[in-house]
Every structure is written in C-alpha cells, then in structure tokens.
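Asker:
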Amino acid sequence: MAKHVIHPIPLMTLSRPMSEQIYRLAPYVGPTVAVCIFAWYIEGPKQRILVDVGMTADMMRKANVPGFSTTATHIQTVQEGLAKLGLTPEDIDIVIVSHLHLDHIPLAPLFKNARFLVQKAELDYQRNPPPPEIDPRPCSGELLDSIRFEVMEGDYEVEEGVRVLHTPGHTPGGQSVAVDTADGVAIIDSLCLTDANWNVPPALQGRMKFLLPDCHNDLNQAYQSMLRISELADIKLPSHELRLAWVKAIPEPKQEEQTV
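When the letters of the sequence shown are read in order and numbered with our numbering, they come out as residues 174 to 433.
#1: Give every residue of the same chain whose Cβ lies closer than 6 Å to the Cβ of Arg221, excluding the five residues on either side of it in the sequence, and list them in chain order.
#2: Can the beta-carbon of Thr367 be found less than 8 Å from the beta-carbon of Val208?
#3: Pull the bridge partners of Glu330 from the DSSP assignment, please.
#4: Look at the alpha carbon of Asp391 and the alpha carbon of Leu417, and state the distance between them as a whole number of angstroms.
#5: Tell me whether Ile370 is buried or exposed, calling it buried when 16 or more other Cβ atoms sit within 10 Å of its Cβ.
#6: Where DSSP assigns a beta bridge to Thr344, which residues make up the other side?
#7: I need the straight-line Cα distance from Gln292 to Asp328, nearest angstrom please.
#8: I'd like to confirm the pairing. Which residues does DSSP put opposite Pro183 in its beta bridges?
#9: Name the DSSP beta bridge partners of Met381, please?
#10: Do you know how far the Cα of Phe383 is from the Cα of Val202?
#11: Please return the same chain residues whose Cβ sits closer than 7 Å to the Cβ of Thr432, not counting the five positions on each side in sequence.
#12: How far does the beta strand (DSSP E) with Gly357 in it extend, from its first residue to its last?
#13: Please state the DSSP three-state secondary structure of Arg221.
#14: Just curious, the beta strand (DSSP E) that Ile402 is in, first and last residue?
#15: List, from N- to C-terminal side, the alpha helix (DSSP H) runs of 4 residues or more that fit wholly inside the stretch 245-283.
#16: Taking 7 Å as the limit between beta carbons, can you name the residues of its chain near Val324, skipping five residues before and five after?
#17: Do you know whose CA, among Val358, Asp225, Thr243, Leu223, lies nearest Met232's CA?
#18: For Arg416, name the three-state secondary structure that DSSP assigns.
#19: Locate the alpha helix (DSSP H) running through Met233, then write down its first and last residues.
#20: Which one or two residues does DSSP pair with Glu323 in a beta bridge?
#21: Compare the Cα-Cα distances from Ile248 to each of Ile215, Thr186, Asn237 and report the closest residue.
#22: Have a look at Arg380 and Ser319 and give me their C-alpha separation to the nearest angstrom.
#23: By DSSP, does Glu315 sit in helix, in strand, or in coil?
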C-alpha cells in the first residue's frame with residue numbers, strides 16, 4: 174500500500190456562529206467556532222496533487238459574505254505555503270476540487286499547469302446556482318469559465334493511494350479525498366466540517382454518531398456522506414478545522430524519524 178503524506182497549507186481564518194457549523198444543536202456545543210481555509214498538498218504520488226486552492230482574506234472581505242467577510246484573517250499566501258514544501262503553483266499537476274464554493278477555488282488562475290478534477294454534479298450546480306437565501310457562497314461564472322476542468326462522475330482513483338469519494342450533502346458534487354498513509358486511510362472531507370461535527374457532546378452521546386453540518390444542500394445526503402467517511406477513515410481531516418493549521422504533516426513524523 175502506498176504511504177503518502179498530507180501537508181495542510183493554512184491560508185486564512187474565519188469566525189462563524191456555531192449555528193452555521195452544527196445543524197440544530199448549537200446550544201450543546203457553544204456560540205461560535207473558528208475555522209480555517211486550507212489547501213492540502215499530497216506528498217508521495219508521481220504527480221503533484223493539491224486538494225483545493227483556497228482564497229485570500231482580501232478576497233473574502235471583498236466578497237462580503239455575511240458573517241464571514243468581517244472576520245477574515247490572513248495567515249499566508251498559497252505561494253508561501255507551497256514554497257515551504259519546495260514548490261510553486263506552476264509545479265502542481267492536479268487539483269482535486271472538493272467543491273466549488275468561493276472559499277475553495279478563487280486562486281485557481283495561479284495554477285497554470287494543473288488539471289482541475291471536479292464532479293459533473295458540482296459544475297452543473299455552480300453554473301446554475303440557487304438563490305443566495307439557499308446558498309450564499311457561489312463562484313462566479315467568469316471564474317468557472319477560466320478553469321481547465323476535467324469532469325468526473327462518482328468515485329474514482331487519481332493515483333495509487335489517492336482516491337476520490339463522491340460525498341454530496343454540503344453541495345451536490347462534493348468529493349472527499351482518501352489518501353493511504355503509514356497510519357491508515359486519511360480522508361479530507363468535502364462537507365466543510367470541523368472537529369465539532371465529529372465530537373458529540375456528552376448530553377447527546379448514545380443518540381447521535383456525529384453532528385451534521387448546518388450549511389447543507391441535502392441533509393440526508395450529508396448524513397450518508399459523513400457515515401461513509403466515519404466507516405472508511407482511520408484519520409479524519411475536517412476540511413475547516415483550525416487545529417490542523419499547526420500540523421505540518423499527516424501522519425506526523427515519529428520521534429525517531431525526527432532525530433535521524
């Protein structure tokens with residue numbers, strides 16, 4: 174089995190009401206939550222693979238998304254994050270697009286040599302977005318037209334040890350990424366989860382397996398997608414979990430590896 178390594182690249186942070194992160198159950202888990210916007214580099218495959226490309230805090234402020242834009246805080250540029258790994262945006266061969274909300278894709282023009290893998294259902298949804306009362310985070314058609322998409326349907330293998338799972342619910346064409354590592358299968362979700370979605374508070378333990386995302390396109394699909402991830406993942410990587418901004422590599426190097 175391939176033993177790849179995932180490098181989170183944190184770009185910016187946001188603060189949002191817990192009621193937007195946890196469906197119906199915010200009183201059990203607190204009033205607010207801090208989230209992080211990431212790109213994720215997968216080290217090990219023959220091709221250089223990134224999951225999502227993110228956006229800048231300036232872009233978020235200009236987008237003027239209620240509850241998001243005013244709390245956007247810069248961490249680093251994607252160029253700076255990749256440089257720490259000895260890479261530039263031009264070095265990336267493949268970008269796996271978890272979904273096409275505005276915080277996951279606006280930096281795509283920097284990746285001039287990359288193929289962007291997207292679900293057909295996602296591209297169809299974003300080309301004909303619902304009203305902002307239903308989904309306030311669409312991409313612009315101009316941006317979508319500028320990207321070299323490779324359109325996929327359902328599950329597929331990108332390379333040995335890197336698989337994509339169609340996990341709708343947050344959006345119709347969400348796709349999570351399963352990566353074989355030395356510590357088992359790590360999954361980066363497409364549902365914009367944090368640890369709060371997986372950590373059921375004591376008052377609800379025994380009643381619920383996990384807490385569904387409040388921002389969803391189809392709640393039952395979101396449940397089925399989270400159930401699938403929980404059954405397949407040895408390591409869950411919630412795609413907006415701030416804790417991971419301080420993690421350099423997944424799995425983290427063992428102590429003996431660090432001192433060699």
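Glycine is no exception: its CB is placed at the ideal position from the N, C-alpha and C atoms.
Answerer: If we stick to the structure as given:
#1: Looking up residue 221 in the sequence shown gives position 48. Asp264, Ile265, Asp266.
#2: Here the question's residue 367 lines up with position 194 in the sequence shown. Here the question's residue 208 lines up with position 35 in the sequence shown. Yes. Within cutoff.
#3: Counting from 1 along the sequence shown, the entry for residue 330 is found at position 157. Answer by DSSP bridge pairing, in chain order: Arg336.
#4: The residue given as residue 391 occupies position 218 in the sequence shown. The residue given as residue 417 occupies position 244 in the sequence shown. Rounded to the nearest angstrom, the two C-alpha atoms are 27 Å apart.
#5: What you label residue 370 is simply residue 197 of the sequence shown in a count that begins at 1. The sequence given here places Asn at residue 370; Ile does not occur at that position. By the 10 Å Cβ count, Asn370 comes out buried.
#6: Position 171 of the sequence shown, counted from the first residue, corresponds to residue 344. Paired residue(s): none; Thr344 is not in a bridge.
#7: Residue mapping note: residue 292 aligns to position 119 of the sequence shown, counting from 1. Residue mapping note: residue 328 aligns to position 155 of the sequence shown, counting from 1. Whole-angstrom Cα-Cα distance: 9 Å.
#8: Taking the first residue of the sequence shown as 1, we reach residue 183 at position 10. In the DSSP output, where bridge partners are listed per residue, Pro183 has Phe211.
#9: Taking the sequence shown and counting its residues from 1, the one referred to as residue 381 is at position 208. Among the bridge pairs identified by DSSP, Met381 is matched with Gln378.
#10: Stepping through the sequence shown from its first residue, residue 202 is reached at position 29. Stepping through the sequence shown from its first residue, residue 383 is reached at position 210. If you draw a straight line from the Cα of Val202 to the Cα of Phe383, it comes to about 12 Å.
#11: Stepping through the sequence shown from its first residue, residue 432 is reached at position 259. Note on Thr432: pLDDT 49, under 50, position unreliable in the model; the coordinate value appears next. None.
#12: Position 184 of the sequence shown, counted from the start, is the residue given in the question as residue 357. Annotation: the continuous beta strand (DSSP E) that includes Gly357 extends over 357-361.
#13: Position 48 of the sequence shown, counted from the first residue, corresponds to residue 221. In the structure shown, Arg221 sits in coil (DSSP, three-state: anything other than H, G, I, E or B).
#14: Working through the sequence shown from its first residue, we reach residue 402 at position 229. Not the beta strand (DSSP E): Ile402 falls in the alpha helix (DSSP H), residues 392-405.
#15: Counting whole runs of 4 or more residues, the stretch 245-283 contains the alpha helix (DSSP H) stretches 251-256.
#16: The count along the sequence shown starts at 1 and reaches residue 324 at position 151. Taken in chain order, the residues that qualify are Val291, Lys293, Leu296.
#17: Along the sequence shown, one-based indexing puts residue 232 at 59. A check of alpha carbon separations from Met232 across Val358, Asp225, Thr243, Leu223 identifies Thr243 as the nearest.
#18: Here the question's residue 416 lines up with position 243 in the sequence shown. Note: Arg416 maps to helix in three-state DSSP.
#19: Within the sequence shown, the letter at position 60 stands for residue 233. 230-236 is the span of the alpha helix (DSSP H), which, as asked, contains Met233.
#20: Counted from its first residue, the sequence shown places residue 323 at position 150. Glu323 is bridged by DSSP to Leu290.
#21: Within the sequence shown, residue 248 is the residue found at index 75, counting from 1. Closest option to Ile248, Cα to Cα, is Thr186.
#22: Looking up residue 380 in the sequence shown gives position 207. Looking up residue 319 in the sequence shown gives position 146. The alpha-carbon of Arg380 is positioned some 46 Å away from that of Ser319.
#23: Looking up residue 315 in the sequence shown gives position 142. Note: Glu315 maps to helix in three-state DSSP.
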